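Encoded as structure tokens, the structure appears first; notes follow it.
Printed below as a string of structure tokens:
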């Protein structure tokens, strides 16, 4: 039986606590009285996963079993989540591979010949052949790549179809192959409460024209949080779009959730509560930290990105998207949710080396902002972990470093746009159209492995709610100039950061450290 | 007798200066090495003789140190030019001075600026086709006539130069300075005339996008000339130092860029694609309509990489060093030179110098006796927040 999440109050006996900081980590002593939010212990993964998958496909929620939806002569499109989830990448065989193989077996048994597989990468970079192979497995890759296994192309006008418009005037435009299929099978991994459900097809297969209706500053400022769908304007928009999709395309949704086994055995101490570290864990910490610190940054990054998570799968649910997602959400929250009594003056987060948009890549400053003020700040339900006007303290080196192939428009965004303003509304008004329609960015998105031109702006919007809510953002260990460019302050130590925070929250602030990863979500009452 | 700085023939010193300043470490202290190793000396010599009628002696009040002078002292100037100088000579071609003799239409004691080009008229030779057409900067007779070889005053043994207490100049070279123009601004007239000449060398269509590579004296005055004499659209300036960025904006630059982000920023501003060769710097497929190279160094390579196909790259700074000309071929660029100034340029420069915000551009004035300090300062002018370093030969 896994223990539930809990909130620790730091006292004299509390050891130094683990804090992620990019491609590294440290132990940090927090001030007495600080609260630390821990996620529930990792739930046990399903045994005999293949049987669970089969069971889900044969006994779906809210629709006929998959074999009954398959028939000879039909057009079948299998769409799967791209490499942005889970994080880190899971050990192979990937759950998507296991599911797709079973779906394909059923399709073959039903005599379905017209099958295509599409990565639902929306405006994310294309997955490389190696990444596709890792996700769908050798057998599927060899059978379908490149002509029937490909990335979604949100700029291929000839292969996009406008499905309709919501009552709010939101255009629903998705991949033409999927839209004209008799059945879309969507294979999902729900890592956080924001993923899956109505988001899968309406976002994963959409174009900029469609995405801009919910990926904007107004929507994100009114998504409190975007990990709490009932209170998320973004999810309200997804729901409306999913409603339009339901009228036109048949979707068979297969959702999975993972447990909190984020780090492999040799890094097991990263999954544990510090006071429960054994002698072996302590030795491992010292050895890994020393080796990590001595390794040049490039190699260190490669090692971390090659380190796959031994996730256990906690649920496989199939059927109609609505009921399926409800079940999945229950599993995700069971793994991540911890009740917290009210917000505090200061929130602390240690930002790891990875976010959804730098898999096998570099966590650039914009992505650090998106991870900290977007993803981690929004890991709440109820109200933010920090009070309005409070201070967020992040741990991250914030190097002025970009991947030139993956993030070309991010470089220009950082150099040109952030030099002028950090105001999300001003950025959206003046720059969104320029970045979204720039022919060079579009060319690189379609033909290279670049994120879409507008993507860095979306990442900035991702933090719009936090920017509006917080009084100050401080980055411990952050590069001073880079932090300042983004409107943050850099501090060398936690002590310095707390001193800086004084002007906003006074000399005796309440402090909460959200201990993640493994992922935790605060249910702030 | 006058005090003068004299550049003399010394292959050993020339090679030493060139060798040391071409190294990485030497380059950082180029001014110090140039001042100490180059074949330049402070001497006393007799007053220069007027070569003939129509010449006057001129007492320099201020004389600038130009990039081409520094190129001379560091040995970076092309040996191509060696055929057009006569040794020993006194450098200094950016001169504001006072006439010491009566000339027709120019009374003794007039405050004048010097157009340094020594064309057919000063040389008392039959006008070559260029001089006949009023383009004396293209003169074919700069090695002939009554004075010795020298493309300009400041490179000619017979005329002397501005880095001294006296030189001789032909009346056709002199332009009276209005009383309203102070001497410190007047010393900028010669480089400003060159800048005006350069922007007139090519047609710049209304709204054309322009990049000025370099924001030293030449670059800044080119921005001024572009704004005053053309209908150029956005003007982008590549500048290294903070004070240069501020000055470029003040003169009308649309945006000031650092060299390392120029390609990306210009791609965003002008459209096109950015290409990354396996070796060498990135370049644009697209880019600006016209580029002005105003560094006299690596800026040409930058300019060639930032200009659109069929566009024009104009060489304002004296080129020194090799450059990959593949973009000229592949993008069918027009590579155009701009040397010195022509007929209308000086009067317009005099007018413009009085109106433009050039106060404070001359902020380092040295007596000839501190010539080593002056040259060191000029070589690091950008870094030290200075635009123009000048000599005041009247001071001890």
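Chains as they are written, first to last, in full-length UniProt numbering: chain A, 1 to 525; chain B, 1 to 396. Think of the CB as a built atom: it goes at the ideal place given N, C-alpha and C, for glycine as much as any other residue. Model, not experiment: these values are computed from the prediction.
Residue from the options with nearest C-alpha to residue i
i, options, result
"residue 196 of chain B", "B:14, B:390, B:339", "B:339"
"residue 133 of chain B", "B:286, B:343, B:348", "B:343"
"residue 32 of chain B", "B:384, B:393, B:372", "B:372"
"residue 472 of chain A", "A:257, A:373, A:406, A:444", "A:373"
"residue 280 of chain A", "A:482, A:266, A:6", "A:266"
"residue 488 of chain A", "A:502, A:505, A:470", "A:470"
"residue 45 of chain A", "A:515, A:261, A:304, A:222", "A:261"
"residue 526 of chain A", "A:97, A:357, A:210, A:508", "One cannot answer for residue 526 of chain A here, as it falls past the ends of chain A, which runs 1 to 525."
"residue 440 of chain A", "A:412, A:14, A:425", "A:412"
"residue 183 of chain B", "B:360, B:396, B:72, B:382", "B:360"
"residue 359 of chain A", "A:177, A:318, A:303, A:347", "A:303"
"residue 212 of chain A", "A:401, A:225, A:232, A:237", "A:237"
"residue 2 of chain A", "A:284, A:416, A:335", "A:335"
"residue 366 of chain B", "B:379, B:205, B:391, B:214", "B:391"
"residue 18 of chain A", "A:451, A:431, A:348", "A:348"
"residue 485 of chain A", "A:103, A:321, A:450, A:368", "A:368"
"residue 136 of chain A", "A:187, A:173, A:124", "A:187"
"residue 167 of chain B", "B:388, B:303, B:56", "B:56"
Coarse secondary structure for residue i, derived from DSSP in three states
i, result
"residue 327 of chain B", "helix"
"residue 150 of chain B", "coil"
"residue 451 of chain A", "coil"
"residue 61 of chain A", "strand"
"residue 524 of chain A", "strand"
"residue 82 of chain A", "coil"
"residue 34 of chain B", "helix"
"residue 526 of chain A", "Outside the modelled stretch of chain A, which goes from 1 to 525, sits residue 526 of chain A, for which no answer is possible."
"residue 231 of chain B", "coil"
"residue 221 of chain A", "helix"
"residue 35 of chain A", "strand"
"residue 237 of chain B", "strand"
"residue 207 of chain B", "coil"
"residue 387 of chain B", "coil"
"residue 19 of chain A", "strand"
"residue 318 of chain A", "strand"
"residue 435 of chain A", "helix"
"residue 183 of chain B", "helix"
Contacts of residue i in chain E (Cβ-Cβ under 8 Å)
i, result
"residue 265 of chain B", "In the structure shown, chain E does not exist; the protein chains are A and B."
Presumed contact (8 Å Cβ cut-off) between residue i and residue j, rounded CB distance
i, j, result
"residue 496 of chain A", "residue 398 of chain A", "Residue 496 of chain A to residue 398 of chain A, Cβ: 15 Å. No contact."
"residue 119 of chain A", "residue 152 of chain A", "6 Å"
"residue 393 of chain B", "residue 63 of chain B", "7 Å"
"residue 271 of chain A", "residue 42 of chain A", "7 Å"
"residue 237 of chain B", "residue 223 of chain B", "6 Å"
"residue 466 of chain A", "residue 391 of chain A", "At roughly 11 Å, the Cβ-Cβ gap does not stay under 8 Å, so residue 466 of chain A and residue 391 of chain A are not in contact."
"residue 294 of chain A", "residue 21 of chain A", "Their Cβ separation, rounded to whole angstroms, is 16 Å, which puts residue 294 of chain A and residue 21 of chain A out of contact at 8 Å."
"residue 86 of chain B", "residue 35 of chain B", "Contact flag wrong, Cβ pair sits at about 23 Å."
"residue 317 of chain A", "residue 327 of chain A", "5 Å"
"residue 400 of chain B", "residue 76 of chain B", "No answer is possible for residue 400 of chain B: the residues shown for chain B start at 1 and end at 396."
"residue 354 of chain B", "residue 178 of chain B", "7 Å"
"residue 257 of chain B", "residue 284 of chain B", "About 13 Å separates the two Cβ atoms, so there is no contact after all."
"residue 514 of chain A", "residue 379 of chain A", "7 Å"
The UniProt domain "Alcohol dehydrogenase-like C-terminal" (218–353) of chain B: positions lying closer than 8 Å to chain A by Cβ: 261, 264, 265, 267, 268, 271, 272, 273, 274, 276
Sequence ranges, alpha helix (DSSP H) only - wholly within the stretch 351–412 of chain A, length at least 4: 365–369, 408–412
Beta strand (DSSP E) segments (min. 3 residues) lying fully within the stretch 250–312 of chain A: 251–258
Within the stretch 249–315 of chain B, ranges of the alpha helix (DSSP H) (whole runs, at least 4 residues): 262–270, 299–306
Contained alpha helix (DSSP H) runs [length at least 4] in the stretch 105–186 of chain A, N- to C-terminal order: 129–136, 138–144, 176–179
Chain-ordered residues of the stretch 438–450 of chain A with a beta carbon less than 9 Å from chain B: 438, 439, 440, 443, 444
Continuous beta strand (DSSP E) assignments of at least 3 residues falling wholly in the stretch 338–372 of chain B: 362–366
Ranges of the alpha helix (DSSP H) found wholly within the stretch 480–504 of chain A, counting only runs of at least 4: 480–485
Secondary structure, alpha helix (DSSP H): runs of 4+ residues fully inside the UniProt domain "Alcohol dehydrogenase-like N-terminal" (52–179) of chain B: 67–73, 120–123, 129–132
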